[in-house]
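The structure under discussion appears below in the form of structure tokens.
Residue numbers (UniProt numbering): 1 to 219.
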């Protein structure tokens with residue numbers, strides 16, 4: 001009898017009326033867009049808990065994962081964003097780590113600011129990117145391991161492009177020949193961002209070359 005009462009109480013706590021009561025608790029001064037977003041979030045979170053019959057221990061494990069993400073984040077590391085990335089909500093170096101992951105690398109290693117000419121053309125020399133792992137010492141790495149998934153990003157180059165009168169663009173271009181291209185740990189690969197490096201002739205400084213055009217939208 002006690003078990004049935006507890007089950008009934010749990011059903012009442014996450015019943016449909018309860019969900020609507022939580023949504024309706026937002027005050028009249030709540031900005032419209034925030035009201036829309038939070039109402040949908042509350043509904044989906046409550047539906048999720050009902051669907052999987054979430055236990056208290058499972059809920060607390062999720063809370064602890066989020067807490068750890070916050071505790072490990074700083075001005076060089078955003079563990080919360082990485083946690084979102086590995087479940088599909090979305091600057092490598094030779095040691096296959098970002099410089100902020102590797103204490104032996106200098107700040108801003110293998111990063112730079114480049115300017116186009118008057119016609120918008122640009123050229124630069126860089127190292128061919130290699131695959132690298134996302135940080136494995138935090139909750140994102142732990143979650144990947146729990147889900148029996150690898151931790152690697154496919155080889156890619158980050159681009160942050162801006163021009164007067166245009167909207168800035170932040171994107172990544174991926175090596176089409178990388179073995180992790182179809183299995184990116186953070187689901188960022190798109191077909192239109194996959195590129196092929198071609199042999200470069202007559203240049204002692206480079207064996208490969210890549211031509212990539214960037215189009216910016218008007219501001």
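For each residue, glycine too, the CB sits at the ideal point set by N, CA and C.
Per DSSP, cross-strand counterpart(s) of residue i
i: residue 208; result: 199
i: residue 133; result: 152
i: residue 169; result: 161
i: residue 194; result: 174
i: residue 218; result: 166
Own chain partners of residue i with C-beta closer than 7 Å, once the 5 adjacent residues on each side are dropped
i: residue 178; result: 131, 154, 155
i: residue 144; result: 86, 151, 185
i: residue 38; result: 26
i: residue 68; result: 138, 139
Helix, strand or coil at residue i according to DSSP, with G and I counted as helix
i: residue 160; result: strand
i: residue 67; result: helix
i: residue 114; result: coil
i: residue 60; result: helix
i: residue 34; result: helix
i: residue 48; result: helix
i: residue 77; result: coil
i: residue 21; result: helix
i: residue 188; result: coil
i: residue 126; result: coil
i: residue 87; result: coil
i: residue 97; result: Note on residue 97: pLDDT 48, under 50, position unreliable in the model; no value is reported.
Contact set for residue i: own chain, Cβ-Cβ below 8 Å, skip 5 residues either direction
i: residue 129; result: 92, 155, 156, 157, 175
i: residue 195; result: 173, 174, 175, 176, 210, 212
Classification of residue i by the beta-carbon crowding that lies within 10 angstroms, buried from 16 upward
i: residue 15; result: exposed
i: residue 24; result: exposed
i: residue 123; result: exposed
i: residue 173; result: buried
i: residue 115; result: exposed
i: residue 61; result: exposed
i: residue 94; result: Reliability fails at residue 94, whose pLDDT of 36 lies under 50, so the model's placement of it is uncertain and no value is given.
i: residue 83; result: buried
i: residue 28; result: exposed
i: residue 63; result: exposed
i: residue 79; result: buried
i: residue 52; result: exposed
i: residue 70; result: exposed
i: residue 134; result: buried
i: residue 214; result: exposed
Cβ neighbours of residue i in the same chain (closer than 6 Å, five flanking residues each side left out)
i: residue 168; result: 162
i: residue 136; result: 151
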